[in-house]
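Line by line, the protein sequences are chains Y and D. Heads up, the first sequence is in this note's numbering, so the first residue is 1 and it goes up one at a time. Heads up, the second sequence is in this note's numbering, so the first residue is 1001 and it goes up one at a time.
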Amino acid sequence: MNGWLAYTYSRSLRKFVQQSRNIMINNGEYYPSAFDQPHHLSLIVNYQLGLRSFLSANFNYSTGRPITIPVSKFSYDVYLSVLKYSERNDYRIDDYHRLDLSLTIKDKPRKNKRLRSEWIISLFNVYSRKNTYSVSFNRYGTASKMSVLGSIFPSINYNFRF
Amino acid sequence: MLIKFRFLLLFTFIAGCVEPYEFVVHDDEQTLVVEAFISDKSFSETLLYPSDGRYFTVKLSNTGDVTNTRPAPVIGAIVELLSSEGEVLIYTESGTGIYTLLNNAFKAKMDVTYRLRIVLEDENIYESGWEAMPDIEIPPMGEIGFSETEKQYYVMEANEWALRTKQVLLANIHVTENSTGETIRYRWTYSRMWVYVAPLVSTNDPYYRCWATDPYYLNTFGLQIDKAGGYKKDLFYFPTVPNARIFEKFSVLVTQHAMTESYFNFWKKMKDQNENSSLTDAPPFNLRTNFMSSTGANAVSGYFGVTSEQATRWYFDRTELSYSVPNTLRADCLVVYGPGPPAPECLNCTQYSFGKATTTKPSWWQP
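Below you can see the structure in the form of structure tokens.
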């Protein structure tokens, strides 16, 4: 069995200093940029099942991305629903995590055979987590999230080289 | 066929995973919302537009959570208007969250600044900045006209949305020439009224003719920054075929407010946030306010402005159109949908279902 574990802590903050208070973003204070994901974890484990086959597991985790959301609303003049927003990027979407598994089976090694091949049977997103790809709001502040490949996705590959 | 199948597969994976999403909001404290303005036209002068007259009001409410659609009115507040000349005028609580300056003669004066002061029941005090009318000579308001055009609408047909082209009337205003060379910032608002007649009763019936209005019809406003004038500015539009509101007489009171740059920007940003929706829109932000709390209370939403006001009443008759708009009300009321009498509004105009209707003719109604 072999594998590795990688963890990264990083921050990405922004600050705008402007002359006029009228057009200041976040009152001139630091706020998380759209790419601020402090925690990244990556775990890969390979387990040899036999001479020609091994099992691999790949787990990824990262902090959810920052987002500005409507926190309340009010009616004003002709508009029934005017949204009041949080401070810039004051909220985060759900954390991202995903587990993938794969089984690799290599063909029997034969002397003088130029063709080498292998079968890979894999499962992407094993526990069908609907990781959030994007969040959108309608004019009344109701949120919807879009997930890409939010269910388990099996695949079979055949690789060969000669 | 194979291409269609691939697209279907792609669509299933991508678009098929859109679902409702809820955030746990942690900074959802209620904050005060203030709607208020004053202008250089008193209540007595607005009667001459002609109209029912308009007192200056202040509407106080609280923000609600995102899933709530009804504003929470703020009652029991003390609302005062202060002027740089030392004048203090007190608003009277006249409705749920509505405070009215019951003064027939009061109007804002040029070169005088005004401030709104609000004391809530919890003793929090809010004050606006000192505001004044724009220091520009505003030319007389131009005439209202219209043009005929077409617009595309989505309509529900057989339980499906379909795009259809409709004939519309596009109302405009002639922006009067501005010889001052100064920038004038305009906002136009619309107060509409029309005649509705109950088609299945005789003309002598007391419930035959009504004057109707609907607060949600033509519920919009126009904005324009002007430097020279002398052109037509489109204001609002409505479909003409079919539109039962124009079968008899239709009228709109167009009110023009000239305002300061900061008050205009408040309305511009509010309009942008509520009416635009494209990928190139600015990131969401909160609208600027000119209110501050002197007791350290939460921030306020809203803006107190002082405007230079003019208005003109526009009457419209469907015979002014270049094409015919047949009155289909009687035929619609005679269609039998089942047992029982026709719809109440066919027999009694006060039962009008697209707004509020009264048999009392407004004193200013001309035609």
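All residues carry an ideal CB built from backbone N, CA and C; glycine is no exception. Everything numeric in this text was worked out from a predicted model, so none of it was measured.
Under the three-state reduction of DSSP output, R116(Y) falls in the strand class. For V17(Y), no chain D residue has a Cβ inside 8 Å of its Cβ, as the nearest lies near 17 Å away.
For A1299(D), no alpha helix (DSSP H) segment is defined, and its DSSP state is neither H nor E. Non-local C-beta neighbours of M1141(D) in its own chain, meaning closer than 6 Å and more than five positions away in sequence, comprise Q1256, Q1310, T1312, ordered along the chain. Counted as a single uninterrupted DSSP element, the beta strand (DSSP E) harbouring T1189(D) occupies residues 1184-1197.
DSSP, read as helix, strand or coil, puts Q1310(D) in strand. In the DSSP assignment, L1329(D) falls outside any beta strand (DSSP E) and lies within the alpha helix (DSSP H) extending over 1329-1334. Using beta-carbon distances, Q1224(D) does not count as an interface residue toward chain Y, since no partner is under 9 Å.
Counting only the Cα atoms, D107(Y) lies some 12 Å from R114(Y).
Taking C-beta separations shorter than 7 Å and ignoring five residues to either side along the sequence, the partners of Y9(Y) in its chain run P38, H39, following chain order. With distances taken between CA atoms, R161(Y) lies nearest to R116(Y) out of S144(Y), G150(Y), Q18(Y), R116(Y). Between K1268(D) and L1223(D), the gap from beta carbon to beta carbon is short of 9 Å. Excluding the 5 residues flanking it on each side, R139(Y) has same chain C-beta neighbours closer than 7 Å at S81, in chain order. At the C-beta level, M1259(D) and G1229(D) stay beyond 9 Å of one another. Using a 10 angstroms sphere on the CB of K1041(D), the tally of other CB atoms reaches 16 or more, which defines it as buried. Annotation: R65(Y) has no Cβ neighbours in chain D at a cutoff of 9 Å; minimum Cβ distance is about 13 Å.
Residues of the region 53-80 of chain Y with a Cβ closer than 9 Å to any Cβ of chain D, in chain order: I67, T68, I69, P70, V71, S72, K73, F74, S75, Y76, D77, V78, Y79, L80. Counting other Cβ atoms within 10 Å of its Cβ, M1193(D) reaches 16 or more and is therefore classed as buried. With a threshold of 9 Å between beta carbons, E1182(D) makes no contact with chain Y. Interface residue (Cβ-Cβ distance to chain D less than 9 Å): G28(Y) is not classified as such.
When the alpha-carbon of F1247(D) is set against those of E1093(D), R1330(D), G1181(D), S1202(D), the nearest one is in R1330(D). Within the DSSP bridge table, the entry for F1238(D) names L1169(D) as partners. Here the region 1206-1214 of chain D does not lie against the region 1160-1176 of chain D, with fewer than 3 beta-carbon pairs under 8 Å apart. When DSSP reads this structure, C1210(D) sits in a beta bridge with Y1196(D).
Of all residues in the region 1283-1297 of chain D, the ones placed with a Cβ closer than 8 Å to any Cβ belonging to chain Y are P1283, P1284, F1285, N1286, L1287, R1288, in chain order.
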